[in-house]
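**Q** The sequence shown runs contiguously to residue 821 in the working numbering.
Just so it is clear, CB atoms sit at the ideal spot from N, CA and C, and this is done for glycine as well.
Every value quoted in this text rests on a predicted model; they were computed, and no experiment measured them.
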Amino acid sequence: MKLQELKMPGIYVIPSEKNRYLWCGIIFVRQGYYQGGIFRFVISIPESFPNCDTPKIIFHPSVFHPQVNASTGELDTCPVFPKWKNTNHIYHLLLYMRRCFYRINASNPVNQEAANLFNLQLEDFKVCVGETVQRSLNGALLRPKDDDDAHSIIFSDLDPHLLTQVLNAVRNPVKNLYICITQINRMANEELLQCYNKGCGKKFQKEENDEKSCMFHPGDPFFHDAYKGWSCCKKKCIDFTEFLNIKGCTISFHNPVKPPEPEKQVVDKSTSKEVLKKTTDFTNFLEQQGCKEGEHCWMKQDSSKQVQAPPRYDWHQTGTLVVVSVYAKNPDPEKSIFKASPVKLEVQLTYSGGKVFNLDLILQGVIDTQGSIVTLSPSKVEVKMKKAQIMTWANLGVPKQIHNQVVEAAQKDLALRDPELEPVDLSDLWIELDIFLINHQISSWK
Numbered sequence: 376m377k378l379q380e381l382k383m384p385g386i387y388v389i390p391s392e393k394n395r396y397l398w399c400g401i402i403f404v405r406q407g408y409y410q411g412g413i414f415r416f417v418i419s420i421p422e423s424f425p426n427c428d429t430p431k432i433i434f435h436p437s438v439f440h441p442q443v444n445a446s447t448g449e450l451d452t453c454p455v456f457p458k459w460k461n462t463n464h465i466y467h468l469l470l471y472m473r474r475c476f477y478r479i480n481a482s483n484p485v486n487q488e489a490a491n492l493f494n495l496q497l498e499d500f501k502v503c504v505g506e507t508v509q510r511s512l513n514g515a516l517l518r519p520k521d522d523d524d525a526h527s528i529i530f531s532d533l534d535p536h537l538l539t540q541v542l543n544a545v546r547n548p549v550k551n552l553y554i555c556i557t558q559i560n561r562m563a564n565e566e567l568l569q570c571y572n573k574g575c576g577k578k579f580q581k582e583e584n585d586e587k588s589c590m591f592h593p594g595d596p597f598f599h600d601a602y603k604g605w606s607c608c609k610k611k612c613i614d615f616t617e618f619l620n621i622k623g624c625t626i627s628f629h630n631p632v633k634p635p636e637p638e639k640q641v642v643d644k645s646t647s648k649e650v651l652k653k654t655t656d657f658t659n660f661l662e663q664q665g666c667k668e669g670e671h672c673w674m675k676q677d678s679s680k681q682v683q684a685p686p687r688y689d690w691h692q693t694g695t696l697v698v699v700s701v702y703a704k705n706p707d708p709e710k711s712i713f714k715a716s717p718v719k720l721e722v723q724l725t726y727s728g729g730k731v732f733n734l735d736l737i738l739q740g741v742i743d744t745q746g747s748i749v750t751l752s753p754s755k756v757e758v759k760m761k762k763a764q765i766m767t768w769a770n771l772g773v774p775k776q777i778h779n780q781v782v783e784a785a786q787k788d789l790a791l792r793d794p795e796l797e798p799v800d801l802s803d804l805w806i807e808l809d810i811f812l813i814n815h816q817i818s819s820w821k
């Protein structure tokens with residue numbers, strides 16, 4: 376009752392419908408540095424009131440003021456209420472809050488930047504305060520976060536026709552008051568449509584909707600690093616309130632059609648029989664026992680897809696050997712095939728858990744397949760081919776595909792010269808090379 380009896384011009388507060396310990400409020404500053412500002416705030420009262428700590432006043436959004444925390448928006452009440460007493464009342468807090476806007480105290484500030492500007496650079500302080508006031512005016516028509524609360528303070532656009540009728544009713548109350556009240560009731564009972572264009576959000580009457588009624592953004596919002604903006608505009612900002620206040624770049628009709636809501640993913644609910652062990656420690660996570668029992672799996676599971684990934688390979692030769700080195704990690708001897716004939720070499724290598732490498736060559740010289748071996752190690756594969764004749768090879772060989780093209784051209788030319796001569800097929804001379812030291816090599820890196 377004390378709060379209702381006191382006259383505090385420019386301050387309006389009302390308890391929340393959902394929580395009696397949370398009060399919604401707004402203050403209109405009419406003079407001083409913050410003249411013209413419309414600042415929203417909430418009062419958070421402890422449930423043990425009045426035997427409690429000092430209730431908190433928090434501005435939404437924050438206010439640039441030496442006694443207001445820039446990050447949380449909380450007003451510092453310690454200078455006047457270092458300890459809350461039973462004799463204190465909420466209206467004492469409201470009076471202190473109003474005095475902070477008219478008599479700025481920069482001693483013991485919670486916003487050091489604002490205090491320094493006020494004491495040393497007053498003109499810069501006025502600029503920052505002006506931006507705070509303008510931001511409060513731009514956000515005055517925005518719906519607060521608690522707009523679903525029946526007691527939240529919400530503003531609407533001023534209708535000039537309605538204002539004229541109200542003023543006329545005040546000047547001539549006997550004649551115009553009935554007309555004004557009738558008009559207000561009619562507008563209140565009319566069903567307004569909601570505009571769903573991005574950046575608009577206004578309500579409108581269907582018959583008043585034309586091509587210049589709505590200013591909106593046709594693009595999508597983007598959030599990159601600390602910047603926020605719209606894809607259809609070049610404007611971007613850091614503060615979220617400024618982002619909401621960016622005016623639309625396109626003018627057209629209001630859109631009363633609500634966009635379809637995205638489908639929610641259906642998540643299978645867990646049953647009471649499932650194991651739901653969770654831990655934040657990685658070591659404990661590794662030590663968690665399994666939830667199923669079965670036989671040990673000694674073989675690596677086969678990959679459903681083979682990935683073609685050619686590794687690096689080269690070759691060198693000695694007096695009696697030609698050595699091909701394929702630099703592939705962890706070759707799989709059970710899935711790899713090595714074939715050779717006196718003049719051909721074919722390698723089908725599987726390594727690194729499913730990757731495949733194929734090599735098919737027509738060799739430069741002739742090799743002895745009986746004296747050729749393959750050696751596998753954790754880091755590479757070596758194919759050692761014994762030369763049938765001691766001679767120097769100019770190169771390792773020619774890819775089989777290119778060789779086949781040359782052979783086909785030669786056979787056609789030979790067939791034209793001597794049709795009775797039949798070509799000789801040596802494709803059945805392939806043999807598999809022996810893989811050397813597989814067990815020994817695997818035991819060292821398995």
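Would you decide whether Cys666 is buried or exposed? Buried here means 16 or more other CB atoms lie within 10 Å of its CB.
**A** As a working mapping, residue 666 is identified with position 291 in the sequence shown. Classification of Cys666: exposed, given that the 10 Å Cβ count is below 16.
**Q** Quick check on this structure: which residue in Pro430, Asn483 and Gly514 has the alpha carbon closest to the alpha carbon of Ile401?
**A** For the purposes of this step, residue 401 is taken as the residue at position 26 of the sequence shown. Looking at the Cα atoms, Gly514 is the closest of the given residues.
**Q** Out of His536, Gln496, Thr539 and Ser511, which has the shortest C-alpha to C-alpha gap to Phe530?
**A** Here residue 530 is taken as the residue at index 155 of the sequence shown, counted from 1. If we check each option's Cα against that of Phe530, Ser511 comes out closest.
**Q** At what residues does the alpha helix (DSSP H) containing Asp735 begin and finish?
**A** Here residue 735 refers to the residue found at position 360 of the sequence shown. First-last for Asp735: Lys730 to Leu738, but that is the beta strand (DSSP E), not the alpha helix (DSSP H).
**Q** For Lys714 versus Ile742, is the C-beta spacing smaller than 9 Å?
**A** For this step, residue 714 is matched to residue 339 along the sequence shown. For this step, residue 742 is matched to residue 367 along the sequence shown. Not in contact: Lys714 and Ile742 (Cβ atoms no closer than 9 Å).
**Q** Between which residues of its own chain and Tyr571 is the CB-CB distance below 8 Å, once the five residues before and five after are set aside?
**A** Along the sequence shown, read from residue 1 onward, the residue named residue 571 stands at position 196. Only Asn630, Pro631, Val632, Lys633 and Pro634 meet the Cβ criterion.
**Q** Here's the rule: buried if 16 or more other CB atoms are within 10 angstroms of the residue's CB, otherwise exposed. What is Pro430?
**A** Reading the sequence shown from its first residue, position 55 is the one you call residue 430. Pro430 comes out buried.
**Q** From Val508 to Phe493, what does the alpha carbon distance come to, in whole angstroms?
**A** As a working mapping, residue 508 is identified with position 133 in the sequence shown. As a working mapping, residue 493 is identified with position 118 in the sequence shown. Looking at the two C-alpha atoms, the distance is approximately 16 Å.
**Q** Quick check: the segment 605-615 against the segment 652-670, are there 3 or more CB pairs under 8 Å?
**A** The segment 605-615 vs the segment 652-670: no contact.
**Q** Bridge partners for Asp689 per DSSP, in chain order?
**A** Counted from its first residue, the sequence shown places residue 689 at position 314. Ser700.
**Q** Return the CA-CA distance between Thr767 and Pro686, expressed in angstroms with no decimal places.
**A** Within the sequence shown, the letter at position 392 stands for residue 767. Within the sequence shown, the letter at position 311 stands for residue 686. When rounded, the distance between both Cα atoms is 26 Å.
**Q** Quick one: Cα of Gly411 to Cα of Lys501, how far?
**A** Indexing the sequence shown from 1 puts residue 411 at position 36. Indexing the sequence shown from 1 puts residue 501 at position 126. Spanning the two alpha carbons is a distance of roughly 13 Å.
**Q** Just to confirm the assignment, what range does the alpha helix (DSSP H) spanning Leu495 have?
**A** Position 120 of the sequence shown, counted from the start, is the residue given in the question as residue 495. Its alpha helix (DSSP H) spans residues Gln487 to Leu495.
**Q** Start and end of the beta strand (DSSP E) containing Glu617?
**A** Against the sequence shown, residue 617 aligns to sequence position 242. Glu617 -> not in any beta strand (DSSP E); alpha helix (DSSP H) instead, spanning Phe615 to Leu619.
**Q** Relative to the alpha-carbon of Val697, which residue among Val718, Ser711, Asp707 and Leu469 has its alpha-carbon at the smallest distance?
**A** Along the sequence shown, one-based indexing puts residue 697 at 322. That would be Val718, whose Cα lies nearest to the Cα of Val697.
**Q** Using only the alpha-carbon positions, how far apart do Phe403 and Ile465 sit?
**A** As a first step, residue 403 must be located in the sequence shown, where it is residue number 28. As a first step, residue 465 must be located in the sequence shown, where it is residue number 90. Rounded to the nearest angstrom, the two C-alpha atoms are 18 Å apart.
**Q** Quick one: what does DSSP say Gly505 is sitting in, helix, strand or coil?
**A** In the sequence shown, counting from the first residue as 1, residue 505 sits at position 130. Helix, per DSSP.
**Q** Nearest-angstrom Cα distance between Thr695 and Tyr702?
**A** Within the sequence shown, numbered from 1, the residue matching residue 695 stands at position 320. Within the sequence shown, numbered from 1, the residue matching residue 702 stands at position 327. Near 23 Å, if we compare the C-alpha coordinates of Tyr702 and Thr695.
**Q** Taking C-beta to C-beta, are Tyr408 and Val504 nearer than 9 Å?
**A** Residue numbering aside, residue 408 sits at position 33 when the sequence shown is read from its first letter. Residue numbering aside, residue 504 sits at position 129 when the sequence shown is read from its first letter. Going by C-beta atoms, Tyr408 is nearer than 9 Å to Val504.
**Q** For Arg474, does the count of other Cβ atoms within 10 angstroms reach 16, so buried, or fall short, so exposed?
**A** Counting from one through the sequence shown, the residue named residue 474 turns up at place 99. Flag for Arg474 reads exposed.
**Q** Since I believe Pro441 is in contact with Ile479 (beta carbons under 8 Å), could you give me their beta-carbon distance rounded to a whole number of angstroms?
**A** Sequence index remark: in the sequence shown, residue 479 carries index 104 (1-based). Sequence index remark: in the sequence shown, residue 441 carries index 66 (1-based). Indeed they touch by this definition, with Cβ atoms about 6 Å apart.
**Q** Which of the three DSSP states, helix, strand or coil, is assigned to Leu661?
**A** Numbered from its first residue, the sequence shown carries residue 661 at position 286. If DSSP states are grouped into helix, strand and coil, Leu661 belongs with the helices.
**Q** Quick check: the Cα distance between Gln569 and Glu488, rounded to an integer number of angstroms?
**A** To locate residue 569, count along the sequence shown from 1; it is residue 194. To locate residue 488, count along the sequence shown from 1; it is residue 113. Taking the straight line from one Cα to the other gives about 42 Å.
**Q** Can you tell which of Met590, Gly385, Asp735 and Thr693 has the C-alpha that lies nearest to the C-alpha of Gln406?
**A** Mapped onto the sequence shown, residue 406 falls at position 31. Of the listed residues, the one whose Cα sits closest to Gln406 is Gly385.
**Q** Kindly list the residues whose CB is nearer than 7 Å to the CB of Asn814, restricted to its own chain and excluding five residues on each side of it in sequence; keep chain order.
**A** Along the sequence shown, read from residue 1 onward, the residue named residue 814 stands at position 439. Here the model assigns Asn814 a pLDDT of 36, short of 50, so the residue's position is not dependable and the matter cannot be decided.
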